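Student:
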Amino acid sequence: MSKAESDSAQRIARVTSEAERVFGDATKAGRWLSSVSTILGAKPLDLLATDAGARDVEYELMRIDQGDLA
Numbered sequence: 007m008s009k010a011e012s013d014s015a016q017r018i019a020r021v022t023s024e025a026e027r028v029f030g031d032a033t034k035a036g037r038w039l040s041s042v043s044t045i046l047g048a049k050p051l052d053l054l055a056t057d058a059g060a061r062d063v064e065y066e067l068m069r070i071d072q073g074d075l076a
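Okay, so the sequence shown: first residue is 7 according to our numbering, each after it adds one.
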């Protein structure tokens, strides 16, 4: 596995874990990650290909966790 592939796998694992914590359920987290987000303009999972995209997804998860978004 290349460094880029390893970095991508780590990002996906980190954000998936955080989504599961926020939504309290792996199924709900998976549904959110694979559905187009109006705020993000894309599927969160698709944005995890880059560090910048992952930061955007993590920020949205933080907002959801804090009750800023429904």
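All C-beta atoms in this analysis are idealised placements derived from N, C-alpha and C, irrespective of residue type, glycine included.
Given the structure is predicted, the values throughout are model-derived calculations rather than measurements.
Taking the beta carbon of Val42 as the centre, do at least 16 other beta carbons fall within 10 Å, making it buried, or is it exposed?
Tutor: exposed
Student: Could you tell me which of Arg69, Asp57, Gly36 sits nearest to Ser12, measuring between CA atoms?
Tutor: Asp57
Student: With distance defined between alpha-carbon atoms, name the residue in Asp71, Gly73, Thr22 nearest to Leu39.
Tutor: Thr22
Student: Considering only C-alpha positions, which residue in the set Ala55, Ile45, Arg61, Leu54 is nearest to Asp74?
Tutor: Ile45
Student: Where does Ser43 fall in DSSP's three states?
Tutor: strand
Student: From the DSSP output, read off the bridge partner residues of Ala48.
Tutor: Ser43
Student: Counting only the same chain and skipping the five closest in sequence on each side, list residues whose C-beta sits under 7 Å from that of Glu64.
Tutor: So the list reads Val21, Glu24, once near-sequence residues are dropped.
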